[in-house]
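Engineer: Please read through the structure below; I'll follow up with questions.
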Amino acid sequence: MKREWSRQSQYNSFNSYKGLTYYEHYKKIVGWLKGENPLPAPIEVSLDPINKCNQKCYYCNSQRYLRENPANLGGWSWQYMNDLLYDLAAQGVKAFCWGGGGEALLNDNLRGLTHLGVDIGMEASIITNGVLLDKFPDLHRCRWIGVSLDSADPEVYKKVRGTDDCEKVLTNVSNFIQENDGKTDVSFKLLFLPETISTLVYSCQVAKDIGVQDFHVRPVDLERDDYHGDGPIEVNKSEANDIFAQCHEMETDDFRVYTVTHKYDEYYKVKHDFRGCFASPLVMQICTDKKMYACVDHRLESRFEIKEWGSDQHRKLVQGIDPCKECSRCTWGEYNRQIEEVVIQDRMCRNFP
Ligand code: SF4
């Protein structure tokens, strides 16, 4: 694996070898695919509580929500989310993430529900643009929050994200960290884009200065079906590696840099080095239309809808997915590989520690 983090922080949340800790769960998924046992509850559930956004990122991975489905799917009610969280906890789900459909914090009904979800036994997290971070105090109960920033330079931020929110977001995150006392891991998420390249090192320094723990940069995926702009971008690899190296130089025990490139090929383009969609049942994706889909990368696509968790329809759907033909970058690509090569083929000779 290329150097993506320092040795001190190699056991980190972004390391795809984390998947091997799900070995027992992997086995149950494989058994379910063979019809030998029921499918267990997912470990995590990703929730999209509203079909609306307050920013206009041109590369947005919620395009199906915001552009292809402008017919507003609305936002979830407090009662629906309350009941859903109780139901998920009862099923044994370990964690939930407020995702998108746009920007989750535009749904006012979310107030207090992170608190509730944690109180009934799950861990919580959120991916947000951070503009409304100060309006939801119970986000301090999150295990982690990921703030999509792209650049700490207000002009570049505006070019990419379409708004003047950069300074507000930086202030919100700085205040959150000061009030939080290290209970929640805070990460900045940046995409390696033609517009952001020249400010990545500066953004890394800003992140460090305001106390962000994790600085996460990855190449953008513009090979997705739902993206209709000019893509994919050509990445100058030596320039990218030089920038990544400068960011890594800033690492300390309390400030970690992750340049996540292992999910891409040597030119930082989408790769598929696995054959099946084995890992998707680790996480349940529930979209704003209240339907389940196979994964975050196929939200709102009827072909990928799951009618009932663990049903024959679900099994046939997963078995029938051809990642090379139907998927762009797969969030679970390395996990798919682990199930195939470690669980099914036992290439690691597991009985010989
Ligand atoms: S991107 Fe494709 S292979 Fe990956 S989890 Fe989604 S459906 Fe499965």
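For reference, each letter of the sequence shown is one residue, going 2 to 354 in our numbering.
Virtual Cβ for every residue (Gly too), placed ideally from N, Cα, C.
Just so we're clear, the structure is a prediction, and the values are computed from it rather than from any experiment.
Pop quiz: G103 and K53 are said to be a contact at Cβ under 8 Å. What is the actual Cβ separation, rounded to whole angstroms?
Structural biologist: In the sequence shown, counting from the first residue as 1, residue 103 sits at position 102. In the sequence shown, counting from the first residue as 1, residue 53 sits at position 52. The Cβ separation is near 4 Å, so the contact holds.
Engineer: If contacts are defined as beta-carbon pairs under 8 Å, then L194 and S204 qualify, I think. What distance do you get, rounded to the angstrom?
Structural biologist: Within the sequence shown, residue 194 is the residue found at index 193, counting from 1. Within the sequence shown, residue 204 is the residue found at index 203, counting from 1. Rounded, the Cβ-Cβ distance is 12 Å, inconsistent with contact.
Engineer: Tell whether a beta-carbon distance below 9 Å holds between N13 and Y259.
Structural biologist: Residue 13 sits at position 12 when you count from the first residue of the sequence shown. Residue 259 sits at position 258 when you count from the first residue of the sequence shown. Their beta carbons are under 9 Å apart, which means N13 touches Y259 by this criterion.
Engineer: With G89 and F137 assumed to form a contact (beta carbons below 8 Å), what rounded beta-carbon distance in angstroms separates them?
Structural biologist: As a working mapping, residue 89 is identified with position 88 in the sequence shown. As a working mapping, residue 137 is identified with position 136 in the sequence shown. For clarity, residue 89 is Leu in the given sequence; the question names Gly instead. Contact doesn't hold; Cβ gap of about 20 Å is too wide.
Engineer: Taking only beta-carbon positions, decide if F193 is within less than 9 Å of chain C.
Structural biologist: Absent from the structure: chain C. Only one protein chain is present.
Engineer: Report the rounded CA-to-CA distance for A125 versus W145, giving the unit in angstroms.
Structural biologist: Numbered from 1 along the sequence shown, position 124 holds the residue referred to as residue 125. Numbered from 1 along the sequence shown, position 144 holds the residue referred to as residue 145. The straight-line gap from Cα to Cα measures roughly 7 Å.
Engineer: Can A42 and G93 be called in contact, C-beta distance under 9 Å?
Structural biologist: Here the question's residue 42 lines up with position 41 in the sequence shown. Here the question's residue 93 lines up with position 92 in the sequence shown. Yes, they are a contact pair.
Engineer: Can you grab the Cα-Cα spacing for the pair D254 / V187, in whole Å?
Structural biologist: Your numbering for residue 254 matches position 253 in the sequence shown. Your numbering for residue 187 matches position 186 in the sequence shown. Each residue's Cα considered, the two are about 15 Å apart.
Engineer: Shorter than 8 Å, the distance from the beta carbon of H26 to the closest heavy atom of the ligand SF4, or not?
Structural biologist: For the purposes of this step, residue 26 is identified with residue 25 of the sequence shown, where counting begins at 1. Not so, every heavy atom of the ligand SF4 lies at least 8 Å from the Cβ.
Engineer: Given 8 Å as the limit, tell me if E156 has its C-beta closer than that to any heavy atom belonging to the ligand SF4.
Structural biologist: As a working mapping, residue 156 is identified with position 155 in the sequence shown. Every heavy atom of the ligand SF4 is 8 Å or more from the Cβ of E156, so no.
Engineer: Taking C-alpha atoms, which residue in K19, K28, L40 lies nearest to E341?
Structural biologist: Here the question's residue 341 lines up with position 340 in the sequence shown. When only C-alpha atoms are compared, the closest one is K28.
Engineer: What's the call for T22, buried or exposed, on a 16-neighbour Cβ count within 10 Å?
Structural biologist: Numbered from 1 along the sequence shown, position 21 holds the residue referred to as residue 22. Burial call: exposed.
Engineer: Report the option in C143, V344, L301, L134 whose CA atom is closest to the CA atom of S149.
Structural biologist: Reading the sequence shown from its first residue, position 148 is the one you call residue 149. The option with the nearest alpha carbon to S149 is L134.
Engineer: Check the DSSP bridge columns for L89 and list the partner residues they point to.
Structural biologist: For this step, residue 89 is matched to residue 88 along the sequence shown. Paired residue(s): none; L89 is not in a bridge.
Engineer: Determine the extent of the alpha helix (DSSP H) in which A208 is found, giving its start and end residues.
Structural biologist: In the sequence shown, counting from the first residue as 1, residue 208 sits at position 207. 201 to 211 is the span of the alpha helix (DSSP H), which, as asked, contains A208.
Engineer: Check whether the Cβ atoms of V157 and D151 sit closer than 9 Å, and answer yes or no.
Structural biologist: Taking the sequence shown and counting its residues from 1, one reaches residue 157 at position 156. Taking the sequence shown and counting its residues from 1, one reaches residue 151 at position 150. Yes, the pair counts as a contact, with Cβ atoms nearer than the cut-off.
Engineer: Return yes when at least one heavy atom of the ligand SF4 lies under 8 Å from the C-beta of H299, else no.
Structural biologist: Here residue 299 refers to the residue found at position 298 of the sequence shown. Because some heavy atom of the ligand SF4 lies under 8 Å away, the Cβ of H299 counts as near it: yes.
Engineer: Measuring alpha carbon to alpha carbon, tell me which residue in R316, C331, N110, I211 is nearest R276.
Structural biologist: As a working note, residue 276 is residue 275 in the sequence shown. Residue C331 is the option with its Cα nearest to R276.
Engineer: Is any heavy atom of the ligand SF4 found at a distance shorter than 8 Å from the C-beta of N108?
Structural biologist: Here residue 108 refers to the residue found at position 107 of the sequence shown. No, since every heavy atom of the ligand SF4 falls outside the 8 Å radius drawn around the Cβ of N108.
Engineer: Could you say which of C61, H116, I51, C278 lies nearest to R316 if we only look at CA atoms?
Structural biologist: To locate residue 316, count along the sequence shown from 1; it is residue 315. It is C278.
Engineer: Taking Cβ to Cβ, would you say Q339 is nearer than 9 Å to G32?
Structural biologist: In the sequence shown, counting from the first residue as 1, residue 339 sits at position 338. In the sequence shown, counting from the first residue as 1, residue 32 sits at position 31. It is not a contact, given that the beta carbons lie outside the stated cut-off.
Engineer: Let me check you understand the geometry: is the CB of N337 closer than 8 Å to at least one non-hydrogen atom of the ligand SF4?
Structural biologist: Residue 337 sits at position 336 when you count from the first residue of the sequence shown. Yes, since a heavy atom of the ligand SF4 falls inside the 8 Å radius drawn around the Cβ of N337.
Engineer: Please report the distance separating the alpha-carbon of N16 from that of Q9.
Structural biologist: Taking the sequence shown and counting its residues from 1, the one referred to as residue 16 is at position 15. Taking the sequence shown and counting its residues from 1, the one referred to as residue 9 is at position 8. Approximately 13 Å between the Cα atoms of the pair.
Engineer: How should Y81 be labelled, buried or exposed, when 16 other C-beta atoms within 10 angstroms of its C-beta is the threshold for buried?
Structural biologist: The residue given as residue 81 occupies position 80 in the sequence shown. Y81 comes out exposed.
Engineer: When burial is assigned at 16 or more other CB atoms within 10 Å of the CB, is C325 buried or exposed?
Structural biologist: In the sequence shown, the residue the question calls residue 325 occupies position 324. Classification for C325: exposed.
Engineer: Would you report the Cα separation of G212 and S7, rounded to the nearest angstrom?
Structural biologist: To locate residue 212, count along the sequence shown from 1; it is residue 211. To locate residue 7, count along the sequence shown from 1; it is residue 6. Taking the straight line from one Cα to the other gives about 18 Å.
Engineer: May I have the straight-line CA-CA distance separating R351 from E25, to the nearest angstrom?
Structural biologist: For the purposes of this step, residue 351 is identified with residue 350 of the sequence shown, where counting begins at 1. For the purposes of this step, residue 25 is identified with residue 24 of the sequence shown, where counting begins at 1. Their Cα atoms are separated by approximately 12 Å.
Engineer: For the ligand SF4, any of its heavy atoms closer than 8 Å to the Cβ of E327?
Structural biologist: Looking up residue 327 in the sequence shown gives position 326. Flag set: Cβ of E327 near the ligand SF4.
Engineer: Return yes when the Cβ of V284 is within less than 9 Å of the Cβ of I44, no when it is not.
Structural biologist: Looking up residue 44 in the sequence shown gives position 43. Looking up residue 284 in the sequence shown gives position 283. The answer is yes: Cβ separation under 9 Å.
Engineer: Is A246 near the ligand SF4, in the sense that its beta carbon is under 8 Å from a heavy atom of that ligand?
Structural biologist: As a position in the sequence shown, residue 246 is number 245, starting the count at 1. The answer is no for A246.
Engineer: Do I322 and the ligand SF4 come close, with the Cβ less than 8 Å from some heavy atom?
Structural biologist: The count along the sequence shown starts at 1 and reaches residue 322 at position 321. Flag set: Cβ of I322 near the ligand SF4.
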